[in-house]
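Heads up: the sequence shown is residues -9 to 48, going by our numbering. Each residue gets a CB set at the ideal place from its N, CA and C atoms; glycine is no exception. Here is the structure we will look at, set down as structure tokens.
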Amino acid sequence: VFTGATRNSLVVLPLALVLPAAFDLTPDVVVTQTLVELAGLLVSVRLVPAWLLPGEPA
């Protein structure tokens, strides 16, 4: 369930690193997107089980 929430953007990081100088911000965007996805996944791992199984301890 949780692996479908990310797009695995680090796969495109090598491609972003070989882009011309005009696209020098692209690797930063890829890494930032990965960190945002990781934060969202961490929140989901905590909230979704509590939402699906409200009577179970977290």
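Three-state class that DSSP yields for residue i in the structure shown
| i | result |
| --- | --- |
| Gly45 | coil |
| Arg36 | helix |
Alpha carbon of residue i to alpha carbon of residue j, nearest angstrom
| i | j | result |
| --- | --- | --- |
| Leu31 | Pro39 | 12 Å |
| Leu15 | Ser(-1) | 15 Å |
| Arg36 | Gln23 | 20 Å |
| Glu27 | Asp18 | 14 Å |
| Asp41 | Ala29 | According to the sequence as given, residue 41 is Trp; it is not Asp. Going from the Cα of Trp41 to the Cα of Ala29 covers about 18 Å. |
| Ala6 | Leu43 | 41 Å |
Integer Cβ distance of residue i from residue j, believed to fall under 8 Å
| i | j | result |
| --- | --- | --- |
| Leu50 | Val20 | The question about residue 50 has no answer, for the chain in this structure spans -9 to 48. |
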